[in-house]
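Heads up, the thing below is written out as structure tokens.
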Amino acid sequence: MLDIQKIRADFPILTQKVNGKPLVYFDNGATSQKPQIVIDAEVKYYQEINANIHRGVHTLSQLATDAYEISRGKVKDHINAKFAHEVLFTSGTTFGINLVANGFASILKPGDEVIVSSLEHHSNIVPWQMLCEKTGAILKVIPINENGELIIEAFDALLSEKTKIVTVNHISNALGIINPIKYIIDKAHAVGAAVLIDGAQAVPHLKPDVQELDCDFYAFSGHKMCGPTGTGILYGKEEWLNKLPPYQGGGEMIKEVTFEKTTYADLPHKFEAGTPNIAGGIVLGTAVDYLNNIGFENIQHYENELLEYATKRLLEIEGLKIYGTGKNKASVVSFNIDGIHPYDIGSIIDKLGIAVRTGHHCAQPIMNFFCIPGTIRASFSFYNTKEEIDQMVEAVKKAQTMLS
Ligand SMILES: *Cc1c(COP(=O)(O)O)cnc(C)c1O
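The opening position of the sequence shown corresponds to residue 1 in full-length UniProt numbering, with each subsequent residue numbered one higher.
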């Protein structure tokens, strides 16, 4: 069992007051808070070993390079990649998806098909639309049902030998639905298509095993899993990373440059042009260690309790509707109250110290499906408590009274 008060003490921001009230932070789906050990590691990097990596013969450069590569190794172990060079440092999920979509421009032909789902974040829609525009490929979309779940028979029906890549999220940021990605991966492979999993919302809650999943790409962000902003990982199978062209040209990513011809560096450097976020990459490893010390089984168990409790308490409110009622869910509750705009609730409860996200959550097609302008989204982390959920419920009730 987790000692939540002890865990909360790791997060200095949680003791803050906002608008004169104790902060209740339920916007973990947008970004997580950072434990002191992560903040300290960032400072320590700049105080003690700051130097550019992979270039210098001098001691600090070597120390920084070692720390960066040790962190890559930690992530490799964490997601169970086969090789460390299959783990690319990026600036976040968005960058990782764009890297793959850009690479597929050299593979797709007019008439080829790309499958996305209706549950995607805009960053897993727009790069593929851009790719289709560029190549003449066709974008196909897996629909969802009233519970916010993918209609899996419809996915089966979309698949054909024209399908070249399928790209879906592991967990929906807007609704918290956990998708049946193993099924999707196996089915897509059966027709020879590659699969990218957008794991941005999964990695704060679970430990993905990319070999067991057998996905071709798995993208995520550091900042949603207690790591620094501007960090992320793109996992890609070696064979795919060798097949795809580099995304950006520059320093670090070359073997030899002449004006006649440039040859590219080996993996992972081929995809890591320029000076990366060295501090961020190193500290992402610290965040991974921190989460593993708490333990993902413990995290999941506790967050499920929070999810169940919040769902039950919120449904006590008259006129409240939850979107995303499928069985398989992460600790996210997206809801609205009859006749009230989500933004109005969000602004009032902010005055009471409660941070939730309101709006379309970068997933407008989902809002269009439900014919709503947006939702109020409370997304919970292992450092949240049932008492905080009670405070949110009271605040929402208060807002409802004021607005009706
Ligand atoms: C947050 C998020 C993204 C984008 O992540 P960035 O860190 O902004 O690049 C993509 N997909 C999902 C599901 C997300 O939740």
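We put the CB at the ideal spot given by N, CA and C, even for glycine.
Does the beta-carbon of residue i have 16 or more other beta-carbons within 10 angstroms, so that it is buried, or is it exposed?
i: PHE259; result: exposed
i: THR262; result: exposed
i: ILE376; result: buried
i: ILE70; result: exposed
i: TYR25; result: buried
i: ARG357; result: buried
i: ASP186; result: exposed
i: TYR235; result: buried
i: GLU120; result: buried
i: ARG72; result: buried
i: ASN19; result: exposed
i: ASP198; result: buried
i: HIS170; result: buried
i: CYS371; result: exposed
i: GLY29; result: buried
i: ALA363; result: buried
Which of helix, strand or coil does DSSP assign to residue i?
i: VAL116; result: strand
i: ALA287; result: helix
i: ALA378; result: strand
i: THR93; result: helix
i: THR163; result: strand
i: TYR183; result: helix
i: LYS321; result: strand
i: ASN147; result: coil
i: PRO22; result: strand
i: LEU88; result: strand
i: TYR247; result: coil
i: LYS140; result: strand
i: ILE53; result: coil
i: residue 407; result: In the structure as shown, the chain begins at 1 and stops at 404. Residue 407 is therefore absent and cannot be evaluated.
i: THR311; result: helix
i: LYS327; result: coil
If residue i and residue j are in contact, beta carbons under 8 Å, what's the gap, nearest whole angstrom?
i: ILE317; j: ILE337; result: 7 Å
i: PRO228; j: GLY280; result: 4 Å
i: LEU14; j: GLN33; result: 7 Å
i: ASN384; j: LEU306; result: 6 Å
i: ALA219; j: THR31; result: The pair is not a contact, with the Cβ atoms about 16 Å apart (cut-off 8 Å).
i: PHE335; j: ILE322; result: 5 Å
i: SER118; j: PRO365; result: 5 Å
Once the 5 residues before and after residue i are set aside, which same chain residues still bring their CB inside 7 Å of it?
i: ASN368; result: none
i: LYS270; result: PRO246, MET253 and TYR264
i: HIS360; result: MET367 and GLY374
i: ALA378; result: PHE26, ALA310, VAL333, VAL356 and MET392
Give every residue of the same chain whose Cβ lies closer than 6 Å to the Cβ of residue i, excluding the five residues on either side of it in the sequence, and list them in chain order.
i: LEU267; result: HIS85 and LEU241
i: ALA51; result: LEU60, SER61 and ALA64
i: ASP216; result: ALA194, VAL195, LYS237 and TRP240
i: GLY176; result: GLY324, LYS329, ALA330 and VAL332
i: PRO127; result: ILE97, ASN98 and ALA101
i: LEU2; result: ASN298 and TYR302
i: ALA399; result: ILE345, ILE348 and ILE349
i: GLY136; result: PRO110
i: ILE49; result: LEU60, LEU63 and ALA64
Leaving aside the five residues before and after residue i along the sequence, list all residues of the same chain whose C-beta is less than 8 Å from its C-beta, in chain order.
i: GLY250; result: ALA273 and GLY274
i: ILE7; result: ILE294, PHE382 and TYR383
i: GLN129; result: LEU139
i: ILE79; result: VAL87, LYS207, PRO208, ASP209, VAL210, TYR218, ILE233 and TYR235
i: GLU256; result: THR262 and THR263
Is the shortest distance between the beta-carbon of residue i and the beta-carbons of chain C less than 8 Å?
i: GLN211; result: Looking at the structure shown, chain C is missing, and only one protein chain is on hand.
Heavy atoms of ligand 1 versus C-beta positions, residues under 5 Å: Result (chain order): GLY92, THR93, THR94, HIS121, SER123, ASN169, ASN173, ASP198, ALA200, GLN201 and SER221.
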